[in-house]
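So the protein lines, in turn, are chains A and B. Residues in the first sequence are numbered from 5 upward in steps of one, following my numbering. Residues in the second sequence are numbered from 21 upward in steps of one, following my numbering. Glycine included, every Cβ here is placed at the ideal spot set by N, Cα and C. This structure is a prediction, so every number in the text was calculated from the model and none was measured.
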Amino acid sequence: PIEALTMAASGEGKDARLETISRSIREIPNWPKEGILFQDITTTLLDPVAFGHCVDILYERYRDKGVTVVAGFEARGLIFGAPLALRLKCAFVPLRKPKKLPGETIGEEYSLEYGTDRIEMHVGHVKASDKVLLVDDLIATGGTMVAGVKLMQVRFQLSPTLSPCSMTLNDHKQVDRSGPKTGKEEGRN
Amino acid sequence: AASGEGKDARLETISRSIREIPNWPKEGILFQDITTTLLDPVAFGHCVDILYERYRDKGVTVVAGFEARGLIFGAPLALRLKCAFVPLRKPKKLPGETIGEEYSLEYGTDRIEMHVGHVKASDKVLLVDDLIATGGTMVAGVKLMQKVGAQVVEAACILELPLLKGKDKLGPYNVPLYTMVHKDVL
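The structure is reproduced here in structure tokens:
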């Protein structure tokens, strides 16, 4: 089973750090298109206290879980995943768009509103014996995250994969998704 | 390895962790792949430790990392230095108001951007990327910071390809370059 962990709904009591993190996020209306209230974490990154809390909380949660690989989704998942991998003293594997990785790759396609996209990693960098933590800044529809899970799990028959994200839109932000949708779903994966 | 800081054994560990991929993205290029460095928390840790030791007392207020591999080295460093982290991104990636700088490619141009207001004139900025080759991207970063009046303390990369003269390209901008590993390839 996959555990999608959301920090504020994690039942770990009123961790004041979560409020600091939440308040640090800037909301940008109608980006990338009408009706989307984009959750901008670059303001979180400006604040080493808030950014630090993100990594600290993840570190505290996973330090004793035997994680051997942190895999972060290009690009914002790299920002949260890389410091975490260093803290956990485990491998960091970037999950990238096509044509970015120079070596032999293995990938997984996923659907967008119109068309498909693909995430890839280098062959051999995740092995069947690995225990993987998937990291991204945000989970919305879950398309990207599921592609990551399939890449790790379906191809390698790995044991359960843990997938933390810094934010979960559905639980914490009353974002209206009923508006008209046109074009590519940037930020909606 | 040519850092002049004595024989720091960590530099050799870092150098050996890099995988070379011939003829990528095209014939004649020996691509320096740092994803193998990232697999090794000792080697990856050395990269951040060495940068942290170098900059901890330099009054850096912003670490700016170039999408995408500069994010991987810059973000942990910013956390260690307890300063702001600013991602420098390709066009159409940042949701807010942006300011950018164009730079030349072999064919055409590209552009890096940051969010307006995230770097101020009072900031002392460290620019971070995994590698410097011709220096085009790095100079664009320098110009972008200088455009908002900020001081660039240094440009820092894990790898340098001296044959491509990136250091010379930075020269006119009065920004020193620090790199850990040199590879005499194109």
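TODO: Give a yes or no on whether the minimum CB-CB distance between Glu78 of chain A and chain B is below 8 Å.
DONE: Cβ-Cβ to chain B under 8 Å: yes for Glu78 of chain A.
TODO: Measure the alpha-carbon distance for Arg109 of chain B versus Ala160 of chain B and round it to whole angstroms.
DONE: 12 Å
- [ ] Write down every uninterrupted run of the alpha helix (DSSP H) in the region 165 to 195 of chain B whose length is 4 residues or greater and which is fully enclosed by it, in chain order.
- [x] As far as the region 165 to 195 of chain B is concerned, its whole alpha helix (DSSP H) runs of at least 4 residues are 186 to 190.
Task: Residue nearest to Val82 of chain B in terms of C-alpha spacing, selected from B:Ala98, B:Val162, B:Leu206 and B:Ile119 - done: B:Ala98
Open item on the list: By the three-class DSSP mapping on this structure, what secondary structure does Ser163 of chain A have?
Closed with: The predicted model places Ser163 of chain A with a pLDDT of 45, which falls under 50 and marks its position as unreliable; any figure quoted below should be read in that light. Assignment of Ser163 of chain A by DSSP, reduced to helix, strand and coil, places it in the coil class.
Open item on the list: Distance cutoff 8 Å, beta carbons only. Does Ala98 of chain B sit that close to anything in chain A?
Closed with: yes
Open item on the list: Any beta carbon from chain B within less than 8 Å of Ala89 of chain A's own beta carbon?
Closed with: yes
TODO: Within the same chain, show all residues whose beta-carbon is closer than 6 Å to that of Val195 of chain B, passing over the 5 residues directly before and after it, in chain order.
DONE: Val162, Val172 and Ala175
TODO: Please name the residues in the region 135 to 153 of chain B whose beta-carbon is closer than 8 Å to at least one beta-carbon of chain A, in chain order.
DONE: Cβ contacts with chain A: His135 and His138.
Task: chain A contact for Arg30 of chain B (CB, 8 Å cutoff) - done: no
TODO: Put Lys163 of chain B into one of helix, strand or coil per three-state DSSP.
DONE: helix
Task: Between the CA atoms of His57 of chain A and Met165 of chain B - distance to the nearest angstrom - done: 27 Å
Open item on the list: Helix, strand or coil, according to DSSP, for Leu105 of chain A in the structure here?
Closed with: coil
Open item on the list: If we require 3 or more residues per run, which beta strand (DSSP E) segments fall completely within the region 29 to 68 of chain B?
Closed with: 39 to 42 and 50 to 53
- [ ] Just the C-alpha distance for Trp35 of chain A and Ile29 of chain A, rounded to the nearest angstrom, thanks.
- [x] 15 Å
Task: N- and C-terminal bounds of the beta strand (DSSP E) containing Arg131 of chain B - done: Thr129 to His135
Open item on the list: On the criterion of 16 or more Cβ atoms from any shown chain inside 10 Å, does Arg89 of chain B qualify as buried, or is it exposed?
Closed with: buried
Task: Pairwise C-alpha distance: Val74 of chain A and Phe96 of chain A - done: 5 Å
Open item on the list: Report the CB separation of Ile123 of chain A from Thr148 of chain A in whole angstroms; it is logged as a contact under 8 Å.
Closed with: 7 Å
- [ ] Please determine if the region 44 to 54 of chain A and the region 98 to 115 of chain A are in contact, where contact requires at least 3 C-beta pairs separated by less than 8 Å.
- [x] no
TODO: Can you tell me the Cβ-Cβ gap for Arg100 of chain B and Val68 of chain B, rounded? I've got them flagged as a contact below 8 Å.
DONE: 6 Å
TODO: Just the chain B side, please: which residues come within less than 7 Å of His126 of chain A by C-beta, in chain order?
DONE: Thr55
TODO: Taking a Cβ distance cut-off of 8 Å, strictly less, list which residues of the region 15 to 37 of chain A are near chain B, in chain order.
DONE: Arg30, Ile32, Trp35 and Pro36
TODO: Would you mind telling me which residues of chain A sit closer than 7 Å to Leu125 of chain B, beta carbon to beta carbon, in chain order?
DONE: None at all; the shortest Cβ gap to chain A is about 15 Å.
Task: For Ala86 of chain A, the first and last residue of its enclosing beta strand (DSSP E) - done: First-last for Ala86 of chain A: Arg80 to Leu92, but that is the alpha helix (DSSP H), not the beta strand (DSSP E).
Open item on the list: Here's the rule: buried if 16 or more other CB atoms are within 10 angstroms of the residue's CB, otherwise exposed. What is Arg100 of chain A?
Closed with: buried
- [ ] Check the C-beta distance from Met158 of chain B over to Gly186 of chain B and give it rounded, since I have them as a contact under 8 Å.
- [x] That pair is a contact at about 6 Å.
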